[in-house]
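Notes for the one structure printed next.
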Amino acid sequence: MNTKASSCADNNGPRPSDRWIPWYFVLFFVVTCSVLGFFSYLAIHTDPGVVTNNAYQKGLDYDRIIAASDQSSALPWQANIILRQSAAVSVLEVTLKDNHQILEGATVEAWLMRPTKDGMDQHWQLKPAGNGTYLAEGQLPQGAWNIHVTVMLNGRQKQFIKPIVVS
Numbered sequence: 000m001n002t003k004a005s006s007c008a009d010n011n012g013p014r015p016s017d018r019w020i021p022w023y024f025v026l027f028f029v030v031t032c033s034v035l036g037f038f039s040y041l042a043i044h045t046d047p048g049v050v051t052n053n054a055y056q057k058g059l060d061y062d063r064i065i066a067a068s069d070q071s072s073a074l075p076w077q078a079n080i081i082l083r084q085s086a087a088v089s090v091l092e093v094t095l096k097d098n099h100q101i102l103e104g105a106t107v108e109a110w111l112m113r114p115t116k117d118g119m120d121q122h123w124q125l126k127p128a129g130n131g132t133y134l135a136e137g138q139l140p141q142g143a144w145n146i147h148v149t150v151m152l153n154g155r156q157k158q159f160i161k162p163i164v165v166s
């Protein structure tokens with residue numbers, strides 16, 4: 000007769016390692032509660048992450064901003080934006096028209112922004128050169144740029160955006 004088979008049949012009770020199983024559940028919940036407690040502490044005691052000053056007021060003013068954007072879109076102004084590049088200087092030329100008529104007397108500003116690199120943005124004031132043309136000079140390093148032109152005339156404003164590559 001095989002004694003090993005009979006000894007296994009006689010030992011139907013729990014194994015010694017089975018007594019640790021309830022403690023594994025306790026350990027799981029202790030670790031989970033500890034991690035959640037740590038995250039709760041961080042959420043309460045660290046910076047709230049607000050990156051906009053007066054965010055609530057800006058949210059309330061959003062309808063006014065949408066209305067101004069709609070008015071700007073309704074203006075029939077057109078802009079021809081050209082950047083002429085030479086070895087020493089870049090010349091930004093903006094020609095404005097209102098229903099194919101020359102647009103004179105406007106205040107024109109341009110923001111030149113690098114979409115790939117912060118800190119290189121430039122702000123240029125364009126000066127009238129006659130016949131609806133406005134000019135500004137500056138230096139631009141090579142690379143991709145976005146030109147944001149803002150035109151203001153008689154309390155009305157319109158913006159134009161043109162991506163360019165300086166080579």
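Once you know that position 91 of the sequence shown is 90 in numbering that gives the first Met the number 0, the rest is easy, because the numbers rise by one and skip nothing.
The beta-carbon is built from N, C-alpha and C at its ideal position, and this holds for glycine as well.
Bear in mind that the values here come from a model prediction, so they are computed numbers and not experimental data.
Beta-bridge analysis with DSSP links residue 159 to 148. Note on residue 12: under 16 other CB atoms within 10 angstroms of its CB, so exposed under the neighbour-count rule. Annotated as distal: residue 95 and residue 73, with beta-carbon spacing of 7 Å or more. Sixteen is the threshold: when 16 or more other Cβ atoms of the shown chains lie within 10 Å of the Cβ of residue 131, as they do, the residue is buried.
Comparing C-alpha distances from residue 127 to each of 140, 120, 84, 108 shows the shortest one belongs to 108. Going by DSSP, residue 31 is part of no beta strand (DSSP E) but of the alpha helix (DSSP H) stretching over 20 to 44. When the Cα atoms are used, residue 105 and residue 152 turn out to be separated by approximately 5 Å. Per DSSP, the unbroken alpha helix (DSSP H) holding residue 63 starts and ends at 61 to 73. Pairwise C-beta distances place the segment 75 to 92 out of contact with the segment 50 to 63, as fewer than three of them are shorter than 8 Å. Considered as a whole, the segment 79 to 112 harbours 89 to 97, 106 to 112 as its complete beta strand (DSSP E) runs of no fewer than 3 residues, in chain order.
Residue 126 carries a strand assignment under DSSP once its states are collapsed to helix, strand and coil. The straight-line gap separating the alpha-carbon atoms of residue 36 and residue 23 is approximately 20 Å.
Under DSSP, residue 135 forms a beta bridge with 91. Taking a contact as a CB-CB distance under 8 Å, the pair residue 164 and residue 157 does not count as one, their CB atoms being some 25 Å apart.
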